[in-house]
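Colleague: Top line first, the protein sequences correspond to chains A and C.
Residue 4 in the working numbering sits at position 4 of the first sequence; the count goes up by one each step and never skips.
Residue 25 in the working numbering sits at position 25 of the second sequence; the count goes up by one each step and never skips.
Note that the Cβ used here is the ideal one computed from N, Cα and C, for glycine as well.
First the structure, which I've put down as structure tokens, then a few questions once you've had a look.
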Amino acid sequence: GQGVEQPDNLMSVEGTFARVNCTYSTSGFNGLSWYQQREGHAPVFLSYVVLDGLKDSGHFSTFLSRSNGYSYLLLTELQIKDSASYLCAGTGGYKVVFGSGTRLLVSP
Amino acid sequence: GALVYQYPRRTICKSGTSMRMECQAVGFQATSVAWYRQSPQKTFELIALSTVNSAIKYEQNFTQEKFPISHPNLSFSSMTVLNAYLEDRGLYLCGASRTGVNQDTQYFGPGTRLLVL
């Protein structure tokens, strides 16, 4: 079947890191995308992963394990402005299935 | 980079009337265009997916009769919300997938926020 699961909320502290987890069971899975969405705005594309392992993109890094249906988005050196919702989306063909998003709150 | 525009950004319509929204991919040709609705307190719901050389495919709970879509070329799509009611309010997002690398990645427009009175 198709399903993308994320925790609802995550809290962390400025200057540290946060890991946003995502599990999925998307049939015909090709890749997994991560988006950042701020309240009242459209999601902004962050990263697309299709290969297993860690993809280091600086402030945002992503990890994928296809055999386990698991991915995470890692934010390092957190800033207050990183507070937002982070959505993972599994892709099967042209279809994109979104998780409900994880609301990250970064405190001082 | 890939840009997707949507128009209008915000709109208000009276209950029972209809409104049309547009989506334009700039700088690339979109192999597919998907329309989503994000209702208050909800995640994205896929309304329909329009892919090159294929018929527009609507998801369960969404119909062509309610949300007719036009996709005349690889850069432009429009969707109309017919006979809008309160449950149709929300942020309507257009996601366009580009050809080439990361073909499955969708780039979103800023959305059209619909308020129904």
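Taking C-alpha atoms, which residue in A:Asp56, A:Val50, A:Ser100 lies nearest to Val4 of chain A?
Modeller: Of A:Asp56, A:Val50, A:Ser100, the residue nearest in Cα terms is A:Ser100.
Colleague: By the three-class DSSP mapping on this structure, what secondary structure does Ile47 of chain C have?
Modeller: Strand at Ile47 of chain C.
Colleague: Tell me which residue opens and which closes the beta strand (DSSP E) that Pro72 of chain C is part of.
Modeller: That run of the beta strand (DSSP E) goes 69-73.
Colleague: For a contact meaning CB atoms closer than 7 Å, what does Pro43 of chain A contact in chain C?
Modeller: Chain C residues near Pro43 of chain A: Phe108.
Colleague: Report the option in A:Leu74, A:Gln37, A:Asp56 whose CA atom is closest to the CA atom of Tyr107 of chain C.
Modeller: Nearest of A:Leu74, A:Gln37, A:Asp56 to Tyr107 of chain C, Cα basis: A:Gln37.
Colleague: Helix, strand or coil, according to DSSP, for Asp82 of chain A in the structure here?
Modeller: If DSSP states are grouped into helix, strand and coil, Asp82 of chain A belongs with the helices.
Colleague: At least one CB of chain C closer than 8 Å to the CB of Phe98 of chain A: is that the case?
Modeller: With 8 Å as the cut-off, Phe98 of chain A counts as an interface residue toward chain C.
Colleague: Pick from A:Gly53, A:Trp34, A:Leu73: whose alpha carbon is nearest that of Val44 of chain A?
Modeller: Of A:Gly53, A:Trp34, A:Leu73, the residue nearest in Cα terms is A:Trp34.
Colleague: Pull up the distance between the alpha-carbon of Leu46 of chain C and that of Cys94 of chain C, whole angstroms please.
Modeller: Each residue's Cα considered, the two are about 10 Å apart.
Colleague: One question on the structure: do Leu32 of chain A and Val49 of chain A come within less than 8 Å of each other, judged by their Cβ atoms?
Modeller: Going by C-beta atoms, Leu32 of chain A is nearer than 8 Å to Val49 of chain A.
Colleague: Taking the DSSP output, what are the residues bridged to Gln29 of chain C?
Modeller: In the DSSP output, where bridge partners are listed per residue, Gln29 of chain C has none listed.
Colleague: Express the C-alpha separation of Cys22 of chain A and Pro40 of chain C in angstroms, rounding to a whole number.
Modeller: Their Cα atoms are separated by approximately 22 Å.
Colleague: Does the distance from the CB of Val116 of chain C to the CB of Leu86 of chain C come in under 8 Å?
Modeller: In contact: Val116 of chain C and Leu86 of chain C (Cβ atoms closer than 8 Å).
Colleague: Cα separation between Gly1 of chain A and Ala34 of chain C?
Modeller: Annotation note: pLDDT 41 at Gly1 of chain A (below 50); position unreliable, no value reported.
Colleague: Output, in chain order, the set of chain A residues within a Cβ distance shorter than 8 Å of Leu93 of chain C.
Modeller: Result: Ala42, Pro43.
Colleague: From A:Pro7, A:Pro108, A:Phe29, pick the residue whose C-alpha is nearest to that of Glu77 of chain A; which is it?
Modeller: Comparing Cα positions, the closest option is A:Pro108.
Colleague: In this structure, what does DSSP give as the bridge partners for Asp56 of chain A?
Modeller: The partner list for Asp56 of chain A (beta bridge, DSSP) reads A:Ser61.
Colleague: For Ile12 of chain C, which residues in the same chain have their Cβ closer than 7 Å to its Cβ, ignoring the five residues on either side in sequence?
Modeller: Cβ neighbours of Ile12 of chain C beyond the five flanking positions: Leu115, Leu117.
Colleague: Just the chain A side, please: which residues come within less than 7 Å of Phe44 of chain C by C-beta, in chain order?
Modeller: Neighbours of Phe44 of chain C on chain A, chain order: Phe98.
Colleague: Could you check the C-alpha separation between Ser85 of chain A and Leu104 of chain A for me, to the nearest Å?
Modeller: Cα to Cα, Ser85 of chain A sits roughly 6 Å from Leu104 of chain A.
Colleague: Skipping 5 residues on each side, what residues in its chain have a beta carbon closer than 8 Å to that of Ser65 of chain A?
Modeller: Same-chain partners within the cutoff: Asp52, Ser71.
Colleague: Listing by chain order, which chain A residues have their CB less than 7 Å from the CB of Gly111 of chain C?
Modeller: Chain A residues near Gly111 of chain C: Ala42.
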